[in-house]
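> Counting along the sequence shown from 1, when you hit position 113 you're at 156 in the numbering used here, and nothing is skipped either side.
Even glycine gets a Cβ: it sits at the ideal position worked out from N, Cα and C.
As the structure is a computational prediction, the values presented were derived from the model and not from experiment.
Let me give you the structure first, and then I'll get to my questions.
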Amino acid sequence: MGRYRIAWMPGDGIGVDVMTATRVVLDRLALDATYVPADIGWEFWCREGEALPERTCAILRETDCALFGAITSKPKEEAQKELVPALRDKGLSYRSPIVRLRQDFNLHTNLRPCRAYPGNPLNYRDDVDLVVFRENTEGLYAGVEFHPVPQEVSDVLAKTSPQWRRFAKLPLEEVAISTRVMTRAGCRSIVTQAFDYARKTGRKRVTLVEKPNVLRETGGLMTRVAREVAKAYPGIDFDEANVDAMCMWLIKNPQSYSVLVCENMFGDIISDLCGQLVGGLGFASSGNIGDKYAVFEPTHGSAPKYAGQMKVNPIATFLAAKLMLDWLGEEERARRLEGGIAKVIKEAKVRTYDMGGKATTMQMAEAVAANV
Ligand code: IPM
Ligand code: MG
């Protein structure tokens, strides 16, 4: 048995393609690991009514970490239609398995580095090097939502919030509510992770991306906690930006920023913007990190129309594997992997279609493997 036990979750769509390619690279690095295949994805929803079966959670509980490809998700009505007949009308509802994994395994920190590798024709600029810290279990993703709004919820809101009164007059079916739930501990944790990372990696600036001028309570709490945490890191500049303004600044001067810290939904949005600055979905990776467990994944989805064609760019998943190696303490292999990726990009001989080339997913894997 290998030194590490890694849950292996290709998922579906191109998740399978990019994970097959990633295995080639990890094998070349001779990582001493046992890869434990685990079921997750759309086919398990259709067949079993559960995209994240309990047997997979059991595997996660007894492995060191997991690498995950991608999964398809579809709107409510379509999800119902694709269930096997025996499971239809059972009141099953589809919830994103990755969001559940983040919450059920308390993977509170989402780390999304966005670095422009020199020579990537898709770079917005060559000097972008951003790292997004996204809170991963709270905020609008907490799942506290109502439609129709229960009468007792409406009554309590009418009593406690003058702002609710204009909605209280409407029929309950005419209103939906999603709540942004943030805790002091959650805010403190994500900001602390961001500063610790800045200190460890010699970065000099941490920017909080929020909207406290409008979201006065949740945004206010996050801002106060961040200011407090920042005091413990005197060598690192701390500043604050509203999320809307940040979208403009990141296009105007992305090279001025370094570490960005956000709550869940703002982090989801900002990290896509940052990903596009460095080549788009083929280059955006992510680590969902808890105290004892972590799940690494490319940020892209399952792109069903390309599934099985071995055509898509696997670099985002290689970068996810690099994050995994760092987290396991395999820094030397992590450096070799990133070095191999950077070299292949720079040499410009092997390029997948998104980069304007004709190389297949496997040719990219072999090129990177040859350079690690
Ligand atoms: C991401 C994705 C997910 C999210 C989706 C697939 C639920 O967009 O990882 O950024 O919203 O967090
Ligand atoms: Mg996203």
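#1: How should M291 be labelled, buried or exposed, when 16 other C-beta atoms within 10 angstroms of its C-beta is the threshold for buried?
#2: By a C-beta neighbour count over all protein chains shown, 10 Å radius and 16 as the cutoff for buried, is P199 buried or exposed?
#3: Can you pull every residue whose C-beta falls closer than 6 angstroms to some heavy atom of ligand 2, listed in chain order?
#4: Where do the ends of the alpha helix (DSSP H) carrying I49 lie?
#5: Among the residues of its own chain, which have a CB less than 7 angstroms from the CB of V142, if the five just before and after it don't count?
#6: Work out the CA separation of E188 and L215 for me, nearest whole Å.
#7: Considering only the alpha carbon of each residue, which of P297, E271, Y137, V67 lies closest to I233?
#8: Which residue's Cα is closest to the Cα of E306: V257, V321, R223?
#9: Applying the criterion that 16 or more other CB atoms from any shown protein chain within 10 Å of the CB defines a buried residue, is A288 buried or exposed?
#10: Can you tell me which of the three DSSP states E97 falls into?
#11: Determine the closest residue to R177 out of D239, D107, W207, L303, with distance taken between C-alpha atoms.
#12: Are the beta-carbon atoms of D75 and R46 separated by less than 7 angstroms?
#13: From this set, Y240, T360, G382, which residue's C-alpha is nearest V174's C-alpha?
#14: Have a look at the DSSP bridge pairing and note the partners of N179.
#15: Should V224 be listed as close to ligand 1, given that the test is whether its C-beta is under 6 angstroms from any heavy atom?
#16: How is the beta strand (DSSP E) around N356 delimited, first residue to last?
#17: What I want to know is whether the C-beta of V142 ends up closer than 6 angstroms to one or more non-hydrogen atoms of ligand 1.
#18: Use the C-beta contact count for H343: other C-beta atoms within 10 angstroms, 16 or more gives buried, fewer gives exposed.
#19: Tell me whether S328 counts as near ligand 1, meaning its Cβ is closer than 6 angstroms to at least one heavy atom of that ligand.
#20: With 16 other CB atoms within 10 Å as the buried threshold, where does M353 fall?
#21: So for L368, helix, strand or coil by DSSP?
#22: Which residues bound the beta strand (DSSP E) around S328?
#23: Give a single yes or no on whether S136 has its beta carbon closer than 6 angstroms to a heavy atom of ligand 1.
#24: Using three-state DSSP, classify Y78 as helix, strand or coil.
#25: Measuring straight from C-alpha to C-alpha, what distance separates I312 and A269?
#26: Would you kindly work out how many angstroms separate the C-alpha atoms of F326 and L154, rounded to a whole number?
#27: Please say whether A408 and P341 have beta carbons closer to each other than 7 angstroms?
#28: For S139, verify whether its CB is less than 6 angstroms away from any heavy atom of ligand 1.
#29: Taking only the alpha-carbon atoms, compute the straight-line gap between T463 and C89 and give it to the nearest angstrom.
#30: For D170, name the three-state secondary structure that DSSP assigns.
#31: Whole beta strand (DSSP E) runs in the segment 130-173 with 3 or more residues, listed along the chain?
#32: Are V286 and F111 closer than 7 angstroms when you measure CB to CB?
According to the data block:
#1: Along the sequence shown, one-based indexing puts residue 291 at 248. Classification of M291: exposed, given that the 10 Å Cβ count is below 16.
#2: Residue mapping note: residue 199 aligns to position 156 of the sequence shown, counting from 1. Just to set this straight, residue 199 is Val in the shown sequence, not Pro. So V199 ends up on the exposed side.
#3: D311, D315
#4: In the sequence shown, residue 49 corresponds to position 6, counting from 1. From DSSP, I49 is part of no alpha helix (DSSP H) but of the beta strand (DSSP E) over 47-54.
#5: In the sequence shown, the residue the question calls residue 142 occupies position 99. Closer than 7 angstroms at Cβ, skipping near neighbours: Y184.
#6: For the purposes of this step, residue 215 is taken as the residue at position 172 of the sequence shown. For the purposes of this step, residue 188 is taken as the residue at position 145 of the sequence shown. Roughly 13 angstroms between the two C-alpha positions.
#7: What you label residue 233 is simply residue 190 of the sequence shown in a count that begins at 1. Nearest of P297, E271, Y137, V67 to I233, Cα basis: E271.
#8: Your numbering for residue 306 matches position 263 in the sequence shown. Out of V257, V321, R223, R223 has the C-alpha closest to the C-alpha of E306.
#9: Within the sequence shown, the letter at position 245 stands for residue 288. It is exposed - the Cβ of A288 has fewer than 16 other Cβ atoms within 10 Å.
#10: Residue numbering aside, residue 97 sits at position 54 when the sequence shown is read from its first letter. Helix at E97.
#11: In the sequence shown, residue 177 corresponds to position 134, counting from 1. Cα-wise, what sits closest to R177 is L303.
#12: The count along the sequence shown starts at 1 and reaches residue 75 at position 32. The count along the sequence shown starts at 1 and reaches residue 46 at position 3. Cβ atoms of D75 and R46: closer than 7 angstroms.
#13: The residue given as residue 174 occupies position 131 in the sequence shown. By alpha-carbon distance to V174, the top candidate from Y240, T360, G382 is Y240.
#14: By 1-based counting over the sequence shown, the position of residue 179 is 136. N179 is not bridged to any residue.
#15: One-based indexing of the sequence shown puts residue 224 at position 181. No; taking the cut-off as 6 angstroms, the Cβ of V224 has no heavy atom of ligand 1 nearer than that.
#16: The residue labelled residue 356 in the question sits at position 313 within the sequence shown. Unbroken run through N356: none, as it is neither H nor E.
#17: For the purposes of this step, residue 142 is taken as residue 99 along the sequence shown, with counting starting at 1. Yes, the Cβ of V142 comes within 6 angstroms of a heavy atom of ligand 1.
#18: As a working note, residue 343 is residue 300 in the sequence shown. Flag for H343 reads buried.
#19: On the sequence shown, position 285 is the one that residue 328 refers to. No, the Cβ of S328 stays beyond 6 angstroms of every heavy atom of ligand 1.
#20: The count along the sequence shown starts at 1 and reaches residue 353 at position 310. Its Cβ being crowded by 16 or more others within 10 Å, M353 is buried.
#21: Taking the sequence shown and counting its residues from 1, one reaches residue 368 at position 325. DSSP places L368 in helix when its eight states are reduced to three.
#22: Start at 1 with the first residue of the sequence shown, and residue 328 comes out as number 285. Per DSSP, S328 belongs to the beta strand (DSSP E) from 328-332.
#23: Working through the sequence shown from its first residue, we reach residue 136 at position 93. No, Cβ of S136 sits at least 6 angstroms from all heavy atoms of ligand 1.
#24: By one-based count along the sequence shown, residue 78 stands at place 35. Three-state result, Y78: strand.
#25: Walking along the sequence shown from the start, residue 312 turns up at place 269. Walking along the sequence shown from the start, residue 269 turns up at place 226. Taking the straight line joining both Cα atoms gives about 20 angstroms.
#26: Translated into positions along the sequence shown, residue 326 becomes position 283. Translated into positions along the sequence shown, residue 154 becomes position 111. Cα-Cα distance, rounded: 14 angstroms.
#27: Residue numbering aside, residue 341 sits at position 298 when the sequence shown is read from its first letter. Residue numbering aside, residue 408 sits at position 365 when the sequence shown is read from its first letter. Not a contact, by the Cβ cut-off of 7 angstroms.
#28: Taking the sequence shown and counting its residues from 1, the one referred to as residue 139 is at position 96. Yes, the Cβ of S139 comes within 6 angstroms of a heavy atom of ligand 1.
#29: Within the shown structure, residues of the chain are numbered from 44 to 415, placing residue 463 beyond reach of any answer.
#30: On the sequence shown, residue 170 is found 127 positions in, with the first residue counted as 1. Looking at D170 - three-state DSSP - the assignment turns out to be coil, as it is neither helix nor strand.
#31: 152-158
#32: Position 243 of the sequence shown, counted from the first residue, corresponds to residue 286. Position 68 of the sequence shown, counted from the first residue, corresponds to residue 111. Their beta carbons are not under 7 angstroms apart, which means V286 does not touch F111 by this criterion.
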